[in-house]
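First to last, the protein sequences are chains A and B.
For the record, in the first sequence the residue sitting at position 300 is 300 according to the working numbering, with numbers rising by one throughout.
For the record, in the second sequence the residue sitting at position 71 is 71 according to the working numbering, with numbers rising by one throughout.
First the structure, in the form of C-alpha cells, and then the observations on it.
Number of protein chains: 2
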Amino acid sequence: MNKKTVIPQNQPDLVADWDTLFRVFIRPEGQASRATLIKYMDRILYGLNNFLKTHVGITEEVSLKELSKNFTDTIISDNPKRKLADVITCLIKEIAPYAVNVASPYFVGHMTSAIPFFMVHLKTIIAALNQNVVKLETSKVVSVIEKQVIAKIHRMIYEQSEDFYQKHVQNTDSTLGVFVEGGTTANLTAMWAARNAKFPPKDGFKGIESEGIVAAYNAYDIERCVILVSRLGHYSLRKSIGILGIGNQNVIPLKTDQNNRVDIEALKQTITRLKKENSKTCILAIIGIAGATETGTVDPLEKLAEISVAHNTHFHVDAAWGGPTLFSKKYNYLLKGIKLADSVTVDGHKQFYMPMSCGMLYLKNPKTLDVIAYHANYVNRRGAVDLGIKTLSGSREANSLILDCALKIMGAKGYALLIDHGIETAAAFAKEIKKRKLFELVTPPVLNILTYRVCPPSIQKKLEKANEEKRRKINENLNIVNRKLQQIQREAGHSFVSRTTLVQDNNQDDTIVVLRSVIMNPMTTLAILNEVLDEQEEIFKTQLKDLLG
Amino acid sequence: MNKKTVIPQNQPDLVADWDTLFRVFIRPEGQASRATLIKYMDRILYGLNNFLKTHVGITEEVSLKELSKNFTDTIISDNPKRKLADVITCLIKEIAPYAVNVASPYFVGHMTSAIPFFMVHLKTIIAALNQNVVKLETSKVVSVIEKQVIAKIHRMIYEQSEDFYQKHVQNTDSTLGVFVEGGTTANLTAMWAARNAKFPPKDGFKGIESEGIVAAYNAYDIERCVILVSRLGHYSLRKSIGILGIGNQNVIPLKTDQNNRVDIEALKQTITRLKKENSKTCILAIIGIAGATETGTVDPLEKLAEISVAHNTHFHVDAAWGGPTLFSKKYNYLLKGIKLADSVTVDGHKQFYMPMSCGMLYLKNPKTLDVIAYHANYVNRRGAVDLGIKTLSGSREANSLILDCALKIMGAKGYALLIDHGIETAAAFAKEIKKRKLFELVTPPVLNILTYRVCPPSIQKKLEKANEEKRRKINENLNIVNRKLQQIQREAGHSFVSRTTLVQDNNQDDTIVVLRSVIMNPMTTLAILNEVLDEQEEIFKTQLKDLLG
Numbered sequence: 001m002n003k004k005t006v007i008p009q010n011q012p013d014l015v016a017d018w019d020t021l022f023r024v025f026i027r028p029e030g031q032a033s034r035a036t037l038i039k040y041m042d043r044i045l046y047g048l049n050n051f052l053k054t055h056v057g058i059t060e061e062v063s064l065k066e067l068s069k070n071f072t073d074t075i076i077s078d079n080p081k082r083k084l085a086d087v088i089t090c091l092i093k094e095i096a097p098y099a100v101n102v103a104s105p106y107f108v109g110h111m112t113s114a115i116p117f118f119m120v121h122l123k124t125i126i127a128a129l130n131q132n133v134v135k136l137e138t139s140k141v142v143s144v145i146e147k148q149v150i151a152k153i154h155r156m157i158y159e160q161s162e163d164f165y166q167k168h169v170q171n172t173d174s175t176l177g178v179f180v181e182g183g184t185t186a187n188l189t190a191m192w193a194a195r196n197a198k199f200p201p202k203d204g205f206k207g208i209e210s211e212g213i214v215a216a217y218n219a220y221d222i223e224r225c226v227i228l229v230s231r232l233g234h235y236s237l238r239k240s241i242g243i244l245g246i247g248n249q250n251v252i253p254l255k256t257d258q259n260n261r262v263d264i265e266a267l268k269q270t271i272t273r274l275k276k277e278n279s280k281t282c283i284l285a286i287i288g289i290a291g292a293t294e295t296g297t298v299d300p301l302e303k304l305a306e307i308s309v310a311h312n313t314h315f316h317v318d319a320a321w322g323g324p325t326l327f328s329k330k331y332n333y334l335l336k337g338i339k340l341a342d343s344v345t346v347d348g349h350k351q352f353y354m355p356m357s358c359g360m361l362y363l364k365n366p367k368t369l370d371v372i373a374y375h376a377n378y379v380n381r382r383g384a385v386d387l388g389i390k391t392l393s394g395s396r397e398a399n400s401l402i403l404d405c406a407l408k409i410m411g412a413k414g415y416a417l418l419i420d421h422g423i424e425t426a427a428a429f430a431k432e433i434k435k436r437k438l439f440e441l442v443t444p445p446v447l448n449i450l451t452y453r454v455c456p457p458s459i460q461k462k463l464e465k466a467n468e469e470k471r472r473k474i475n476e477n478l479n480i481v482n483r484k485l486q487q488i489q490r491e492a493g494h495s496f497v498s499r500t501t502l503v504q505d506n507n508q509d510d511t512i513v514v515l516r517s518v519i520m521n522p523m524t525t526l527a528i529l530n531e532v533l534d535e536q537e538e539i540f541k542t543q544l545k546d547l548l549g
Numbered sequence: 001m002n003k004k005t006v007i008p009q010n011q012p013d014l015v016a017d018w019d020t021l022f023r024v025f026i027r028p029e030g031q032a033s034r035a036t037l038i039k040y041m042d043r044i045l046y047g048l049n050n051f052l053k054t055h056v057g058i059t060e061e062v063s064l065k066e067l068s069k070n071f072t073d074t075i076i077s078d079n080p081k082r083k084l085a086d087v088i089t090c091l092i093k094e095i096a097p098y099a100v101n102v103a104s105p106y107f108v109g110h111m112t113s114a115i116p117f118f119m120v121h122l123k124t125i126i127a128a129l130n131q132n133v134v135k136l137e138t139s140k141v142v143s144v145i146e147k148q149v150i151a152k153i154h155r156m157i158y159e160q161s162e163d164f165y166q167k168h169v170q171n172t173d174s175t176l177g178v179f180v181e182g183g184t185t186a187n188l189t190a191m192w193a194a195r196n197a198k199f200p201p202k203d204g205f206k207g208i209e210s211e212g213i214v215a216a217y218n219a220y221d222i223e224r225c226v227i228l229v230s231r232l233g234h235y236s237l238r239k240s241i242g243i244l245g246i247g248n249q250n251v252i253p254l255k256t257d258q259n260n261r262v263d264i265e266a267l268k269q270t271i272t273r274l275k276k277e278n279s280k281t282c283i284l285a286i287i288g289i290a291g292a293t294e295t296g297t298v299d300p301l302e303k304l305a306e307i308s309v310a311h312n313t314h315f316h317v318d319a320a321w322g323g324p325t326l327f328s329k330k331y332n333y334l335l336k337g338i339k340l341a342d343s344v345t346v347d348g349h350k351q352f353y354m355p356m357s358c359g360m361l362y363l364k365n366p367k368t369l370d371v372i373a374y375h376a377n378y379v380n381r382r383g384a385v386d387l388g389i390k391t392l393s394g395s396r397e398a399n400s401l402i403l404d405c406a407l408k409i410m411g412a413k414g415y416a417l418l419i420d421h422g423i424e425t426a427a428a429f430a431k432e433i434k435k436r437k438l439f440e441l442v443t444p445p446v447l448n449i450l451t452y453r454v455c456p457p458s459i460q461k462k463l464e465k466a467n468e469e470k471r472r473k474i475n476e477n478l479n480i481v482n483r484k485l486q487q488i489q490r491e492a493g494h495s496f497v498s499r500t501t502l503v504q505d506n507n508q509d510d511t512i513v514v515l516r517s518v519i520m521n522p523m524t525t526l527a528i529l530n531e532v533l534d535e536q537e538e539i540f541k542t543q544l545k546d547l548l549g
C-alpha cells in the first residue's frame, strides 16, 4: 500500500483542503461565484460551439499515435493539478479540437450526429438532480415519469387501446419497457427474457435462471437453441447469445434477398433443415431488423411475425436505428408489422437525437420481463415501484426525463420532419450517385442509409463480362481503392463517410468494400453531399486512379 | 399504422416546423439567444440549487400513488406541447420538488449523495461533445484519454512499475480496464471473462463463447460451475451468473465471521465439500467484497487471493463501494490485498462522486478481456484502437473524461479528505448510537456504513435471557417497529436512513430488520446525525412505543 508518489509538475499553489472541497461541493451562492459559474457555462456552450462549427476532425492515425504520447502519465497527483476554470479551458482549447465533430453536417459516416442543443441542457438537469432510477427511494417522481414516457413510446409502437394503457401505465406489476444503456443491452435483455421464457420452472426444475443451461436442456429434452436473423443482423446479437451461454455460433445468419431484406424462403428452409438435423433443436427467437446498421434496410416484419407464431417462438425486432420512423406519417408504413413483435429495441441516442448513452426495450406483453426479475433486501423489494427489479443494470441515470421533455419540445411532427428529411435526402443522394459515372450505388436507401463505391465505367464493363475468378480480382483492386479513398478523405478532415465490407450474393467469399453514408443531421443537405462526392472524385483522380491500371 | 391521434390540450400556437427545428438544433449564436440560454442555465443551476437546499423529499407512498395519477396520458402530441423555457421551468417548479433530494446532508440512507457541482458542468461538456467511445472514428482523443485515466486508477489499485504502465497505457492490444454502465455490468463482465477463460478453444472445440455451455462442459468434462462469495455479496453476482447461463443457484453464499467478513474456514470447507460431492465441479471464481452494500465490511482479501491461487481460480474483488478508499493514506490498509485480484469492480457514481451512470472494471492482466472481444465490419475492426471491442455495451458516452478532470480538480488528497470524513464520521456516529439506550448498534462501521436498530434496554435484557423461540418472537416485534420507524421518518421528509434485513449468526431463518446509514456526503456532520437519532427517538416515543408492549 505504500504507493511511491512522484508529484508531477503542477501548479504549486493548489492544495486539497476542506475549503477547496466545500467550494466544489456546494453550488456557488454568492454573486461573485454565480458570475464565475455563468462564465464557465458560457465558455462550455460557446467555446464548444466554435469548435463544432469548424472541422470534422478525424485526422490521420499517425497523428493519433503522436497525440497518444502526451497521455502516458499514469500517476494521480496528490494535490489538485488544475483549477476548475483551467480544466474547462483545457477541455475547450486542447481536448475538443482533437475530438471528432460528430455534429458537422459533413459527418455522414456513423449513427452519431448533431443533437438539439436543448438536449445538453436537459442532460445538465439530470446530472444536477442525480436521481438513481434503480429504486423509488432515490428517484420518486422520476420513476413515475419514466413509466409514463415508456407507455408513450409503447403506444407509438404497439397501438394498444386507451384501456390497455390506463391499466398498465402506472401499474407497478406491468413493464411496458425498460431504459437500458444502449441497443446492445436492449437486445441482450430481450434474448435473456426469451431464453428464460423457454425454460421456466416446472416439477423438479427451478428454471433456467436458477439452475443454468445444462439443467434446463435436460429438463426440457433440448440439445440446441438457435436464433435466426438476417446476415445483416447487428453483432450485438452474437454477443448476447455468447453472454447468455447459448453459444454465438447458434445465431444462424440468413440469406438476404436482392433488397437486403431477409429471405423468407431461406428462413423457412433453415427451420426445416435445423429441425431435420436435430429434432431437439429449439428456436429461441426470430429477429427482424428495422434499419440494418450497414444498409439501413428493413426486414418484412409481418411475414416474420407469422412464422414466429407458427413456430411458437419469440419475435424480436431490432429497431435500434429505425424505430423513430414511426413518427413519420409518410414513412411509418416501412415498419409495418413492428407491432406484432414480442419485443422491440430502440435507441434513444440514435434517431431520438438524445445524448449518449440511452437504449430502450419495449415489450408487447407487460409480463414478459417477469422472468428476469431480481430482488434484494435493501432495495427492489417485491411489489415495489422500484424500476431496477427488471433491468439488467442496477444504478442508472434518469434518461427517461430527457426523452419525456424532448417529446414535449419536439412533438411527433418535429421528429417526423427529421425522419422525412433523412429519408428524402438519402434518396436524392442516391440519385446523384447514380448520375455520377465514377460511382456505383451498392445498396439503395430504404431509410436514410446507403452504400456505394468508386467503380469507374471501364471497370464496370469489365466486371460485367468477367468470370468469377476475374471478377474477384477486379473487386480486390476496387476494395483497395475504396479503402484508401475513405482513409484519405477522413484524414483530410473536411468530411467523413464510413466504410464497411459487404457480402455479395450471400457468398461469404465474395466481399466488397463500400462507402457508407448515414443521413441524420438535419443540416446535411444535398449540396453538402455533392461536395463530399466532389472531394471523392478529386481524391480518386489525383491519387488513386493509377491503382486501377 | 393509421394511428388515431387525439391532440391533447396544449399551447395552440406551437407548431413543429423547420424554423423551430433549426432553432433547437443550432446552438444559439445571436446576442439575444445567448442571453436566453444563460437565463435557462441560470434557472437550471439556481432553481435546482434552491430545491436541493430545502428537503429530503421522500414522502409517503400514498402521495406517490396520487402523484402517479397525473402521469397517465400516453399520447405523444403531434405539435410541440411546450417551449424549452416552459419545459425547464416545469422541471424546476413541478418535477424537482417531487424528486428525491439525494444531495441533502440528511439523506444518509443510500449510496447516492451530493456530487461536486463541477461534475454537472463536466457532464454538460460530455453531452455537448456527444462523442461515442465505442470507436475511434467517433471519439478520437477521448479514447486516448480514457486509456490514460484507466491506467491511473489501475496504478492506484495494482501499483505496477512505471515500465509496466509505459508499456500498456496507450497500447491498443492492452486492456487495463473498461468503463461500463455500473457495478452490475462490471461484475457481469468480470464473470463473463472468468467463464470464458475456463473454457477456451481447444482441439475440436471452438470455445464456450462460440459453442455455449453445454458443449463447453462436455469438452472439459465438467458438470457444474460455482462462484463463491460471502452471503453479503451483492445481488448483481447472482444476476450475472444467471445471465451467463451458469445458474444463479451456483453462487454459493459463504458464512461470515463476527465482523461480517467472509469466514475463511467456511470457504475452505465449502470447496472441499463441493469437490467431494462432485469431482466435476469447477470453481469459476472466488469473490471478495471491499465494502459490502449492506454493512460496508471488507473481506480478508489477502487470504482469499491465496486460496484462489491454490485452486487456480479467478479472484474478483467487488470494490464498487470501497475502491476509492485507496486514496486515503490513513485507511487504504483496509483494502490490503486488493492488488492480488484478477479483476476489480469500482463504481464512478459512488465514491468517485461522479454523476450516474458510471462503473469500471480493472484487470490485473492486460489480456484478460481478450476472451470477450467482438468485432464488426463497420467498426471495431481487429487491431484498431476502438474501445468497444472489449466492452459489453456498444455505443457509450465519454464518462472517462469526467473522471480524468475530477482527478485533476480534486487531487488524490481531495478524495482522501472525503473518504476520511466518511469513515471517521461513521465511527463517531457508532459511538453515539452506543451511548443512546434506545438503540443497538448491529454492524459497526469499517468503512462508512453502519446498521443499527431500535431495541430498548428492557427488550435487550429479555433477548439475552430468551430461548430461541422467544428470541425470534421478540425480534419479529422489533422488526415491525423498526420497519415502521424508517417509514414514518421517510414520510416526514426531513431525513432519510434506509432499512434492510440482516441474517443473524448465519441462520437464514433468523433475520432482523435494521436501519442503515451510509455517510458519504461531506456536509453530513455528527450534529446532523444526532438530529436524525433525536427524530427517531421522538417517533418511537410518540408513535411506536406501545407496539413493544
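For glycine and all other residues, C-beta sits at the position ideal for the given N, C-alpha and C.
Among the options, nearest to residue i - alpha-carbon criterion
i	options	result
C282 of chain B	B:A290, B:I271 and B:G288	B:I271
P80 of chain A	A:V24, A:A35 and A:E94	A:V24
K280 of chain B	B:N521, B:M360, B:Q536 and B:R224	B:R224
R436 of chain A	A:P456, A:Y235 and A:G422	A:P456
K303 of chain A	A:T325, A:T295 and A:K339	A:K339
Cβ neighbours of residue i in the same chain (closer than 7 angstroms, five flanking residues each side left out)
i	result
E538 of chain B	none
T138 of chain B	Q131 and N132
L392 of chain B	V180, T185, L188 and T189
Y165 of chain B	A151 and R155
N- and C-terminal bounds of the beta strand (DSSP E) containing residue i
i	result
N507 of chain A	N507 to V518
S230 of chain B	R224 to S230
P97 of chain A	Unbroken run through P97 of chain A: none, as it is neither H nor E.
Residue i, enclosing alpha helix (DSSP H) - first and last residue
i	result
R490 of chain B	E468 to A492
Q148 of chain B	V141 to Y158
V497 of chain B	Premise fails: V497 of chain B is in no alpha helix (DSSP H) and is neither H nor E.
S279 of chain A	That residue, S279 of chain A, is in no alpha helix (DSSP H); it is neither H nor E in DSSP.
M119 of chain A	F117 to L129
M410 of chain A	N399 to K435
Beta-carbon contacts of residue i that lie in its chain and below 6 angstroms, excluding the five residues immediately before and after
i	result
I213 of chain A	G245
A216 of chain B	F199 and I208
A416 of chain B	F327 and S328
L122 of chain A	I402 and C405
L418 of chain B	P522
Presumed contact (8 angstroms Cβ cut-off) between residue i and residue j, rounded CB distance
i	j	result
D299 of chain B	V262 of chain B	5 angstroms
T256 of chain A	R231 of chain A	6 angstroms
Contacts around residue i, its chain only, beta-carbon distance under 8 angstroms, and the 5 residues preceding and following it disregarded
i	result
N174 of chain A	The residue asked about is misnamed: residue 174 of chain A is Ser in this sequence, not Asn. Cβ neighbours of S174 of chain A beyond the five flanking positions: K167, H168, P366 and K367.
P253 of chain B	V229, S230, R231 and G233
Check: Which residues, in chain order, does the stretch 354-369 of chain B contribute to contact with chain A at a C-beta distance below 7 angstroms?
Finding: P355, M356 and S357
Next item on the list: Could you run through the stretch 238-267 of chain A and flag, in chain order, every residue whose CB is less than 9 angstroms away from some CB of chain B?
Entry: So the list reads R238, K239, I241, G242, I243, L244, G245, I246, G247, N248, Q249 and N250, given in the order they occur along the chain.
Check: Of all the residues that make up the stretch 127-144 of chain B, which are near chain A by a beta-carbon distance shorter than 7 angstroms?
Finding: A127, A128, L129, N130, Q131, N132, E137, T138, S139, K140, V141, V142 and V144
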